[in-house]
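Student:
Residue numbers (my numbering): 1 to 246.
(1) Near residue 187, which residues of its chain fall below 7 Å by C-beta distance, leaving aside the five closest residues on each side in sequence?
(2) Do you know whose CA, among 238, 49, 134 and 174, lies nearest residue 157's CA?
(3) Mind checking residue 220: buried by the 16 CB within 10 Å criterion, or exposed?
(4) Per DSSP, residue 149 forms a beta bridge with which residues?
(5) Which parts of the segment 180 to 216 are runs of the alpha helix (DSSP H), unbroken and 4 residues or longer, counting only runs that do not cross its ends?
(6) With DSSP run on the structure shown, which of helix, strand or coil describes residue 254?
(7) Tell me, which residues are paired with residue 244 by DSSP?
(8) State whether the segment 197 to 208 contacts the segment 117 to 131, with contact taken as three or more CB pairs (one from each stretch) at a distance under 8 Å.
(9) Here's the rule I'm using: 16 or more other beta-carbon atoms within 10 Å means buried, otherwise exposed. How should residue 107 be labelled?
(10) Where does residue 218 fall in DSSP's three states?
(11) DSSP has residue 83 in a bridge; who is on the other side?
(12) Please state the DSSP three-state secondary structure of residue 161.
(13) Considering residue 51, what are the terminal residues of the alpha helix (DSSP H) in which it resides?
(14) Is the separation between the beta-carbon of residue 192 and that of residue 225 shorter than 7 Å?
(15) Does the Cβ of residue 30 have 16 or more other Cβ atoms within 10 Å, making it buried, or fewer, making it exposed?
(16) Answer with yes or no whether the minimum CB distance from residue 3 to chain D is below 7 Å.
(17) Exposed or buried, what is residue 141 when buried is set at 16 or more other beta-carbons lying within 10 Å of its beta-carbon?
(18) From residue 246 to residue 233, what distance separates their C-alpha atoms?
(19) Whole angstroms are fine: how far does the CA of residue 72 sit from the CA of residue 54?
(20) Taking just the CA atoms, how far does residue 153 sit from residue 238?
(21) Note down the Cα distance separating residue 155 from residue 205, rounded to an integer number of angstroms.
(22) Let me know if residue 165 comes out buried or exposed under the rule of 16 or more other beta-carbons within 10 Å of its beta-carbon.
(23) Helix, strand or coil for residue 77? Go by DSSP, reduced to three states.
(24) Kindly give me the distance between the Cβ atoms of residue 194 and residue 167, rounded to whole angstroms, as I take these residues to be in contact under 8 Å.
(25) Bridge partners for residue 144 per DSSP, in chain order?
What follows is the structure in C-alpha cells.
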C-alpha cells in the first residue's frame, strides 16, 4: 500500500512539473530582474493591477469585430485591384480608339489637302494654296489653316485675301471635300459674283467636269458661267414683285 501511495504521489508530482514546464515556456526569453526585494515586487504588482483596472472592461466582441472589419477591408482591397485592372483596360481601349481616330483623320486630311492644292491650281494661275494643321501631333486640340501664296506675294492667310481670291479659295476647299465624299446634287447661289471673267471661265469648266457625275444647279449673272450650262432658265422680276420664268 505504501508503495502504491508513493507511485500516486510521484505521478502527481510529475504532472505538476509538466504543467510548470508548460507555464515556464510562456515566459521563456523574458529577462529576469535580479536583486529586487519582495516588497518592491509587491509594489509593482499593485501598480500594474491599478493600470489594468484603469483600462476598463475588455470588449469580448473585439476579436469578432476585428475579423469582420478585416474581411471588409480585404473585400475592398480586392475590389480596388479589380477596378485598377478595369481602368487599365479602359485606358488601353481609349488609346486604341484615339490612335485609330487619328489615323483615319490624317488619311482624310492628307487626301483633302492633295485635292485642295490641285483644285486651287485649276481655278487660278496666280499662285498656290494648301491646308495646314495648327498642331500635327495633336490635331484634335487645334484648328486648320488655309495658306495662299500668290505670285509676287508672301504666304498669306485667307483673311488677307481679296473677295475674289477668298471665293476661289473657298470653292477649292468645298470641291476638295466634294471629291472626297461626293453627293448627287449641288446648289450654288452666285458663287461667282466676285470673280473676274478669266476665273469665271475656269470655274465653269471645272463645274462642267463635275456635272458629269452629279447634278449642279447654279444661280449666276455671269455670261462666262451661263454659256457652259446644259440647260438655262431665265428668271425676271415683274412689277408686282413676283419672279417669273422667262
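We put the beta carbon where it would ideally sit given N, CA and C, even for glycine.
Tutor: Reading from the atomic positions:
(1) Here the question's residue 187 lines up with position 187 in the chain shown. Only 217 meet the Cβ criterion.
(2) Here residue 157 refers to the residue found at position 157 of the chain shown. Ranking 238, 49, 134 and 174 by Cα distance to residue 157 puts 134 first.
(3) Counted from its first residue, the chain shown places residue 220 at position 220. When all chains shown are included, residue 220 counts as buried.
(4) For this step, residue 149 is matched to residue 149 along the chain shown. DSSP lists 128 and 155 as partners of residue 149.
(5) 197 to 210
(6) The chain is shown from 1 up to 246; residue 254 falls before or after that span and cannot be answered.
(7) In the chain shown, counting from the first residue as 1, residue 244 sits at position 244. The partner list for residue 244 (beta bridge, DSSP) reads 236.
(8) yes
(9) For the purposes of this step, residue 107 is taken as residue 107 along the chain shown, with counting starting at 1. Flag for residue 107 reads exposed.
(10) For the purposes of this step, residue 218 is taken as the residue at position 218 of the chain shown. Here residue 218 sits in strand by DSSP.
(11) Position 83 of the chain shown, counted from the first residue, corresponds to residue 83. None; residue 83 has no bridge partner.
(12) Here residue 161 refers to the residue found at position 161 when the chain shown is read from its first residue. The answer is coil: DSSP assigns residue 161 none of H, G, I, E or B.
(13) Position 51 of the chain shown, counting from 1, holds the residue named residue 51. Looking at the DSSP string, the run of the alpha helix (DSSP H) that includes residue 51 is 38 to 54.
(14) One-based indexing of the chain shown puts residue 192 at position 192. One-based indexing of the chain shown puts residue 225 at position 225. Yes, these two residues count as a Cβ contact at 7 Å.
(15) Translated into positions along the chain shown, residue 30 becomes position 30. Classification for residue 30: exposed.
(16) Looking for chain D here will not work: only one protein chain is present.
(17) To locate residue 141, count along the chain shown from 1; it is residue 141. Exposed, since its Cβ has fewer than 16 Cβ neighbours within 10 Å.
(18) Sequence index remark: in the chain shown, residue 246 carries index 246 (1-based). Sequence index remark: in the chain shown, residue 233 carries index 233 (1-based). The alpha-carbon atoms of residue 246 and residue 233 are separated by roughly 7 Å.
(19) Start at 1 with the first residue of the chain shown, and residue 54 comes out as number 54. Start at 1 with the first residue of the chain shown, and residue 72 comes out as number 72. Distance between the alpha carbons of residue 54 and residue 72 is about 32 Å.
(20) Within the chain shown, the letter at position 238 stands for residue 238. Within the chain shown, the letter at position 153 stands for residue 153. Cα to Cα, the separation comes out at about 47 Å.
(21) Residue 155 sits at position 155 when you count from the first residue of the chain shown. Residue 205 sits at position 205 when you count from the first residue of the chain shown. C-alpha separation (whole angstroms): 27 Å.
(22) Taking the first residue of the chain shown as position 1, residue 165 is located at position 165. Flag for residue 165 reads buried.
(23) Position 77 of the chain shown, counted from the first residue, corresponds to residue 77. Helix at residue 77.
(24) Within the chain shown, residue 194 is the residue found at index 194, counting from 1. Within the chain shown, residue 167 is the residue found at index 167, counting from 1. Contact flag correct, Cβ pair sits at about 5 Å.
(25) Counting from 1 along the chain shown, the entry for residue 144 is found at position 144. Note: residue 144 sits in a beta bridge opposite 133.
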